[in-house]
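Peer 1: Just so you know, we're using numbering that gives the first Met the number 0 here: the sequence shown kicks off at 0 and counts up by one.
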Amino acid sequence: MELARFGYIGGALLQAGFQVGETLIAIRDGADYRTYAKFYDYLDKSIDKGDSFENALSKYPNSEFYIPNPIQQLIISSERSGRLSETLIKIGIIFEEKTEAMSRDLATVIEPVILIIVGLIVGFVVSGIIGPIYGLSQF
Numbered sequence: 000m001e002l003a004r005f006g007y008i009g010g011a012l013l014q015a016g017f018q019v020g021e022t023l024i025a026i027r028d029g030a031d032y033r034t035y036a037k038f039y040d041y042l043d044k045s046i047d048k049g050d051s052f053e054n055a056l057s058k059y060p061n062s063e064f065y066i067p068n069p070i071q072q073l074i075i076s077s078e079r080s081g082r083l084s085e086t087l088i089k090i091g092i093i094f095e096e097k098t099e100a101m102s103r104d105l106a107t108v109i110e111p112v113i114l115i116i117v118g119l120i121v122g123f124v125v126s127g128i129i130g131p132i133y134g135l136s137q138f
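1) Note the first and the last residue of the continuous alpha helix (DSSP H) segment covering I90.
2) Please report the distance separating the alpha-carbon of Y32 from that of I116.
3) Roughly how many angstroms separate the alpha carbons of G6 and I92, rounded to a whole number?
4) Using the Cα positions of L119 and F38, report the straight-line distance between them to the nearest angstrom.
5) If I'm right that G16 touches I88 with Cβ under 8 angstroms, what's the distance once you round it to whole angstroms?
6) Does DSSP put Y32 in a helix, in a strand, or in coil?
7) Confirm, please, whether the CB-CB distance from E78 to F52 is below 7 angstroms.
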């Protein structure tokens with residue numbers, strides 16, 4: 000979800016004419032996780048110093064944890080070609096679709112587990128009601 004947000008916000012702000020530094024600050028302020036906010040803050044400071052995305056991403060430890068290597072390559076290539084905003088929007092679309100697919104799959108996996116739990120609860124309640132009745136009838 001964080002990569003989808005990064006792509007959408009970054010692409011939209013760059014298309015609207017914002018500078019890369021301002022865009023990264025906006026993305027940082029919208030980040031849900033503190034580790035991502037620190038990562039975006041580092042990118043902002045590094046790019047303000049004059050580094051490219053390639054240099055900034057290569058210097059940050061475990062940057063592939065935040066942005067996978069294939070996506071980093073897309074960002075680096077699009078920065079070189081001047082199509083960063085379009086690429087970021089495409090990244091946002093790709094990761095939003097992945098998030099939706101994962102949510103659907105998660106619901107499919109959780110559904111049988113919930114049915115089993117509900118069945119056990121109903122069985123416990125039924126045995127709690129019928130057990131005493133059956134015990135009374137044996138006298």
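Every residue gets a Cβ at the ideal spot worked out from N, C-alpha and C, and that includes glycine.
Peer 2: The relevant details are as follows:
1) To locate residue 90, count along the sequence shown from 1; it is residue 91. Residues 83-135.
2) As a working mapping, residue 32 is identified with position 33 in the sequence shown. As a working mapping, residue 116 is identified with position 117 in the sequence shown. Rounded to the nearest whole angstrom, the C-alpha separation of Y32 and I116 is 32 angstroms.
3) For this step, residue 6 is matched to residue 7 along the sequence shown. For this step, residue 92 is matched to residue 93 along the sequence shown. In this structure, the alpha-carbon of G6 lies about 8 angstroms from that of I92.
4) For the purposes of this step, residue 119 is identified with residue 120 of the sequence shown, where counting begins at 1. For the purposes of this step, residue 38 is identified with residue 39 of the sequence shown, where counting begins at 1. Their backbone Cα atoms lie some 46 angstroms apart in a straight line.
5) Here the question's residue 16 lines up with position 17 in the sequence shown. Here the question's residue 88 lines up with position 89 in the sequence shown. The pair is not a contact, with the Cβ atoms about 15 angstroms apart (cut-off 8 angstroms).
6) Locating residue 32 in the sequence shown gives position 33, counting from the first residue. If DSSP states are grouped into helix, strand and coil, Y32 belongs with coil.
7) Against the sequence shown, residue 52 aligns to sequence position 53. Against the sequence shown, residue 78 aligns to sequence position 79. Cβ distance < 7 angstroms, so F52 and E78 count as in contact.
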